[in-house]
Structures are given as structure tokens and as C-alpha cells.
Amino acid sequence: AVFWGILDLKYDSSKPVLERVRVLETGDGRISKFSGDGAAIQDLMRARYVSKEGSLLRKFHLISADKKLTHDLIELAGYNHIVPGQACYPRQYDSHLAERIASDLELEEDDKVVLKLCNRSRAAGVIVSPVDELDEVLEELLVLPKMDAWLEDKLKKLKEVHPGDFGLTWGCFEEQKRHWWANESPCFVAERWCISTPLLKAGKFYDGTMRVGFVILHKRDLQGGGEDGFRKATNGGLQADAPNV
């Protein structure tokens, strides 16, 4: 296989036909997570296909790993109707940044916006913010604290508790801030928030995301190709504001 990749999709059957599917993200299948119902897909891909290092593999990996580049190339190919509205900004805070994002994405006061780091995957740095709280969120993400004092405070707390206890839960805002502070990319992207048709599971409604695996083959190797997918429920119910990951 030239490339084994994934697509994360949202599907909302209540929308007009051309607005029902939204591609949130692409990724390299070799490092993407297929868990639960999707575990068999990863096993099948690994058993059936082998990716060989080369210029084509490196090119596709580069494209799929950059959210801005992926979005721009999809639009350039004429498929802008399947990706959320997106805008890119320098990672530098100013008091009018939230207003510019809301204007560029044509957001209303009661909308939500998704903030993403361009070169991070597996939900690292993905934050969903209500528009009316966006300015406060951006300031926390883009303005670094006085690091010496911040590190001293954290070190003091580590000495008081277990050395491995950083006081963070997976995906919490404090963890996401650290991804932003440590990120080397000069830009970030803001996207319109997309949801799927609610999925009922164990008595709760979930905002599901479909992960599709696919392979790109050389023509000489093409014997039907392959793709497969599964639907994963985001953690918590719809009220949890699950991120577009």
C-alpha cells in the first residue's frame, strides 16, 4: 500500500444532502487508534497491507498530519462542501481575535467553535468553546504564564502528593493548555462546530463520530482496494460537548 489512512466523519441526516457529511480530520492509519468496535479493522488492515517507506508515503503522511494543509487541499479539489468552515490565525493573542474568528466563520452568539493545533492528532489540543467565552479561552491558551513561578508552584504540589500525580484527567482543559503552550507551530485553526445525528447507546444519546479506514494502492496492486469503518461514541452524552477530533 502506498498509504493507509483514516477519515473521521460527522453525519447529520437532518441537513440537506450536500451538508450531511463533514470530514473533521484525516490521519495516518499506522498511528491512529481503532478501539472497541473498530479494533478488527486495524487488525485486518495490518494483515492485508504493508506500507513501504518512500516519497509517496512521506507526502501523504505530511498532508494528513497537518489540519490546515488537509483542509486547503480538500477545498482545492472541489470538495469544500464536506469540510467544516475553517480559518487560520497566528498563535498570538489580541483583544479582537475572538471577534475576527466569529466574523470569519459567520458564527452567532450562541454557537460553538472548535480550536485546533495544526500539527497535533488524537484530540491533542482540541478545544470546543462557546462563542461568548472565546476571548477568555484564547487568552488562556495563547498568553503564557510567568513560567518560573508556574513551574515552581507545580513542583511544590508534586512534592506534596505522589510524584506521578499531575492532577490532570485525560482531555481536561488544563491538559489541553499544555499542548498549546508546548506546540511549535506558529498557527492554529478555528472551525465551525459539527455534530452527528444523535446515537442512542445504553440509555444515553451520544454525538457519534465515524472513523473510516482506507488504503491507497499503486495501480499495479489494485485488486478492489479496500475501505472499512466503524462508528464510535464520544465520551459522555450530547451535553458533554464532545470535540471534533
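All letters in the sequence shown, in the order written, are residues 25 to 269 by the working numbering.
In this text, a Cβ means the ideal position worked out from N, Cα and C, and glycines have one as well.
Please read these numbers as outputs of a predicted model, since none were measured by experiment.
My understanding is that residue i touches residue j, with C-beta atoms under 8 Å, so please give their C-beta distance in whole angstroms.
i: D52; j: A89; result: 7 Å
i: C211; j: C112; result: 5 Å
i: D159; j: A122; result: 4 Å
i: V47; j: I98; result: 7 Å
i: L192; j: E198; result: 6 Å
i: I131; j: V137; result: As written in the sequence, residue 131 is Leu, which differs from the Ile given in the question. 6 Å between Cβ atoms; contact.
i: D32; j: T221; result: Actually they are not in contact, since the Cβ atoms of D32 and T221 sit about 16 Å apart, beyond 8 Å.
i: Y73; j: V239; result: 5 Å
i: T233; j: K34; result: 6 Å
i: R216; j: P108; result: 5 Å
i: G237; j: I30; result: 5 Å
i: K201; j: E164; result: 6 Å
On the DSSP bridge assignment, give the partners of residue i in chain order.
i: C112; result: V213
i: R46; result: K34
i: I151; result: L139
i: V107; result: Partner(s): none; V107 has no beta bridge.
i: K181; result: Per DSSP, none; premise fails for K181.
i: V240; result: Rather than Val, the amino acid found at residue 240 in this sequence is Ile. Answer by DSSP bridge pairing, in chain order: F27.
i: L224; result: F229
i: G51; result: I30
Using 10 angstroms around the beta-carbon of residue i, count the other beta-carbons present and answer buried if the total reaches 16, otherwise exposed.
i: Q110; result: buried
i: W28; result: buried
i: V41; result: exposed
i: Q116; result: exposed
i: A264; result: Confidence is the limiting factor: at A264 the pLDDT is only 36, short of 50, which leaves the residue's position unreliable, though a coordinate-based value still follows. So A264 counts as exposed.
i: M69; result: buried
i: K180; result: exposed
i: R82; result: exposed
i: I55; result: exposed
i: G227; result: exposed
i: A147; result: buried
i: E176; result: exposed
i: S75; result: buried
i: G62; result: buried
For a cutoff of 7 Å on Cβ pairs, would you count residue i as touching chain D?
i: R82; result: Reference to chain D is not applicable here, since this structure consists of a single protein chain.
Got a sec? Which residues, its chain only, sit under 6 Å from residue i by beta carbon, not counting five neighbours each side?
i: F84; result: F27
i: D128; result: A111
i: A126; result: V155
For residue i, which residues from the same chain have a beta carbon less than 8 Å from its beta carbon, with the 5 sequence-adjacent residues on both sides left out?
i: K92; result: Q110, C112, C142, C211, V213
i: H105; result: L42, E43
So, at 7 Å on beta carbons, what are the nonlocal neighbours of residue i in its own chain, with the 5 sequence-adjacent residues on each side left out?
i: W205; result: L168
i: D156; result: E133
i: S326; result: No answer is possible for residue 326: the residues shown for the chain start at 25 and end at 269.
i: I87; result: L93, T94, L97
i: R44; result: Y35, D36, S37
i: H203; result: L141, R144, A148, G149
i: Q66; result: F58
i: P114; result: P210, C211
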